[in-house]
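What follows is a set of notes on a single structure, which appears directly below.
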Amino acid sequence: MNCTNVNAIMDQHRDTRLTGAERNAVGAHVLDCTDCAAARVAYAELLAITVPAMSPDLLDSILETVSLGARPAYAARRGVIVATVLLTGAALAAIGVMQLHDPARDDSAPQTILPRSQSLVTSAPGPVTANPTSLAGGTANLPVDTTAIELYIAPVVRTAPEYPPTAVERGLEGSVTLQYDVTVTGVVENVSVVQSTDAVFEAPAANALAQWKYLPRIAAGKRVASLAQQTVIRFQLDRTAVSAPRQREIAAQQVNVRGLSTALQVAWERVAADDLRGAELQLDEARALYELDGFQEGIMWDFYAYLYTVQGNYDRAIESYETGIAAYARANRPSQGSWLPLANLYYARHQYDLALRMLLTYKGRIKGTPAERVSTPLADEFIARLAALGVTDATLPPRR
Amino acid sequence: MKQLPHNEFAALIAPHLPVLFRAAYRLTGNRPDAEDLLQDVCVRAHAHITSLKSATQPKAWLLKVQYRTFVDGIRRHRRSPLATGEDFDATRMSDTPTPEDAAEGSLAEQRVLDAWRQLDKEQRALLALHVEGYSLAELEAITELSTDALKARLYRARLRLGKLLTAPRTSPALALEE
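Chain order of the listed sequences is A and B.
Under our numbering, the first residue of the first sequence is numbered 623, with each subsequent residue one higher.
Under our numbering, the first residue of the second sequence is numbered 317, with each subsequent residue one higher.
Right, here's the structure in full:
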């Protein structure tokens, strides 16, 4: 590693996505090179500065400056926009994707996509004595059991349903529980209503769900369908009076959310077309373009982690899941079950202690959201699998 | 020039405002100056509305206008060129920081800002856009610099800022602050 390499890494925004080995090499170089050390300090300090959100009044004030006098056109549509946005928020907050996972019912015609990487060694789970328990000494060359890699379906595009106008008039709220299949490419099919509080919500909920896009499940290195999933879509009205500036803020957020969904949909299409690098670039661009809150950051990093896992780049996948989990925590939102694939990656690398620690930590944090509650049996099953290998709470080394 | 209906201009620029504002905030280091810069950019965009409308990438077009507006110093408002830095403290995101954390954060950002002001405008513009996540290819389009020139200037800007930040703090002003 030399100055040119270090600068190229910074030029290409790769700092946060280095492999363990690369990071060590950069660290070693920077110890001896004051110039590179200073440049990295500058970069890190700039990144640490938080950019506040744009003032919601800015558009109005700009329009006044360009002085055409008329009221902005969106004012007339405000009511409608607010209704949809609040619902978008509500839908994101309230929709729990209950992965009622049933491996026996997975599609019988899977597509093989793993392994991608030539350098990985495939092996059966090793004995516990060969259990690398810590990250010390670098992890880049750990043998990986690619057949043990599992990824659960992850929703990347969640279209908000339309609130039925008649329900708005009647002040009616409610929820719909739906069952559906996710195909090998991640498309939603066979949507059916399991139960609903009012029939008026059923069609909008089903129509919205049919447009959702998932990253498909991967089991034993193959892309598989996930049948009989369930989710609840809630319809809630926000009856509190919303101030005019707040309305504009909401409208601005909605523009952002819409742009971001479109970007994620494009990334998803690239995954479906097996263009993983294209999907990654699309995510990079979306991160540069849109303001993301912690929850959206989390979804984004889960998406990266999925891509890296499929590419066989497990170091980066692990790093991405961890970044995502931290982002969810910052936003005070439940992680979308990211700890499960993360534990799985550790498991596939025979880092059983880390896998167990991950499972126990996040099981302890489950706050009762539907998605995480339903994941509990998966975690329990996983913990039992580790116990069978002799890795239990009692054998965990103390935290350093 | 045929004047556009108000809402059409709004529709053209509204989707790009958050991005422009982020970049403007990075460039200027505080909200009032960022908003001023953005106002100027929009006035120019409005004056060249046909170019904006025909641009295949309106966001890149607007960023380019913003870059030139900042670097060339064409400003309507004549605010003090020195950023105040107040906004950094007010908007620092954190998970319930302790008072000590908060004090440290603002001091650290004040230091960055002091060093930032010592860079020339082009250096600030390049670093700001780069930190915002724009790729070299995008920066080339915005700045019309060659890849090599861009890399060299980014390198020098980072180095200069880094040296300013890591230099021993002996200036009386800074000593007083701390």
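Just so you know, even glycine gets a beta-carbon here, dropped at the ideal spot from N, CA and C.
query, result
"Give me whichever residues DSSP pairs with P1024 of chain A in a beta bridge.", "In the structure as shown, chain A begins at 623 and stops at 1022. Residue 1024 of chain A is therefore absent and cannot be evaluated."
"Less than 8 Å between the C-beta atoms of E891 of chain A and P678 of chain A, yes or no?", "no"
"Does any residue of chain B bring its CB to less than 8 Å from the CB of A866 of chain A?", "no"
"Output needed for V898 of chain A: all residues of its chain with C-beta closer than 7 Å, excluding positions within five of it in sequence on either side, in chain order.", "The sequence given here places Leu at residue 898 of chain A; Val does not occur at that position. Once the five neighbours on either side are set aside, the close Cβ partners of L898 of chain A are L929, V932 and Q933."
"Helix, strand or coil for R870 of chain A per DSSP?", "helix"
"Quick one: does R331 of chain B have its CB under 8 Å from some CB of chain A?", "This sequence places Pro at residue 331 of chain B; Arg is not what is there. Yes, its Cβ sits closer than 8 Å to a Cβ of chain A."
"If you check the beta carbons only, do T619 of chain A and V359 of chain B fall under 8 Å apart?", "In the structure as shown, chain A starts at 623 and stops at 1022, and residue 619 of chain A therefore has no counterpart that could be examined."
"Answer yes or no: does any C-beta atom of chain B fall closer than 8 Å to that of S814 of chain A?", "no"
"Within this structure, are the beta carbons of Y936 of chain A and E902 of chain A separated by less than 8 Å?", "no"
"Sort A:D906, A:A889, A:D682 and A:V804 by Cα distance to E454 of chain B and report the nearest one.", "A:D906"
"If you run the structure through DSSP and keep just helix, strand and coil, what is Y450 of chain B?", "coil"
"Could you list which residues in chain A have their beta carbon closer than 9 Å to that of V387 of chain B, in chain order?", "Result: empty, since nearest Cβ-Cβ is about 18 Å, beyond 9 Å."
"Measuring CB atoms only, is the segment 961-969 of chain A touching the segment 935-952 of chain A, in the sense that at least three cross pairs come out at less than 8 Å?", "yes"
"Counting only the same chain and skipping the five closest in sequence on each side, list residues whose C-beta sits under 7 Å from that of Q887 of chain A.", "V779 and K835"
"So which residues on chain A does A371 of chain B lean against when the C-beta distance must stay under 7 Å?", "Here the premise fails: no neighbours, minimum Cβ distance about 16 Å."
"Apply the 10 Å Cβ neighbour rule to K334 of chain B and answer buried if 16 or more other Cβ atoms are within range, or exposed otherwise.", "Checking the sequence shown, residue 334 of chain B turns out to be Pro, not Lys. With 16 or more Cβ atoms within 10 Å of its Cβ, P334 of chain B is classed as buried."
"Taking the Cβ atom as the reference point for each residue, do R338 of chain B and V673 of chain A lie within a distance shorter than 8 Å?", "yes"
"Throw me the rounded Cβ distance for the T819 of chain A and S797 of chain A pair, which I believe falls under 8 Å.", "6 Å"
"Just to confirm before moving on: does the CB-CB distance between A343 of chain B and L378 of chain B stay below 8 Å?", "Here residue 343 of chain B turns out to be Leu, not Ala, going by the sequence shown. No, they are not a contact pair."
"Sorted by chain position, which residues of the same chain lie with C-beta nearer than 8 Å to L481 of chain B's C-beta, five sequence neighbours on each side aside?", "R427, V428 and A431"
"Ignoring anything shorter than 4 residues or poking outside the segment 889-934 of chain A, list the alpha helix (DSSP H) runs there in chain order.", "898-911 and 916-933"
"How would you write the range of the alpha helix (DSSP H) that Y471 of chain B sits in, first residue to last?", "T463 to T482"
"Against chain B, with Cβ distances strictly below 8 Å, would A874 of chain A count as a contact?", "yes"
"Go ahead and label V790 of chain A buried or exposed: buried means 16 or more other beta carbons lie within 10 angstroms of its beta carbon, across all protein chains shown.", "exposed"
"Against chain A, with Cβ distances strictly below 8 Å, would T459 of chain B count as a contact?", "no"
"For L1011 of chain A, which option in A:D975, A:T788 and A:K985 has the closest C-alpha, if you only look at C-alpha atoms?", "A:D975"
"Below 8 Å CB to CB, which residues in the same chain sit around N629 of chain A once its five sequence neighbours on both sides are set aside?", "C658 and A661"
"Touch check for the segment 998-1012 of chain A and the segment 632-642 of chain A: three-plus C-beta pairs under 8 Å?", "no"
"Say whether chain B places a C-beta atom closer than 8 Å to the C-beta of P674 of chain A.", "yes"
"Report yes if the C-beta distance between I1005 of chain A and L967 of chain A is below 8 Å; otherwise report no.", "no"
"Looking at the unbroken beta strand (DSSP E) that takes in E795 of chain A, where does it start and where does it end?", "No beta strand (DSSP E) holds E795 of chain A; DSSP gives it neither H nor E."
"Could you give the C-beta distance for A330 of chain B and V877 of chain A, rounded to a whole number, given that I count them as a contact under 8 Å?", "6 Å"
"According to DSSP, what are the bridge partners of F857 of chain A?", "A:G796"
"If you measure beta-carbon to beta-carbon, which residues of the segment 458-477 of chain B are closer than 9 Å to chain A?", "L466, K467, L470, Y471, A473, R474, L475, R476 and L477"
"Which of helix, strand or coil does DSSP assign to Q355 of chain B?", "helix"
"Looking at A327 of chain B and L681 of chain A, is the spacing between their C-beta atoms short of 8 Å?", "no"
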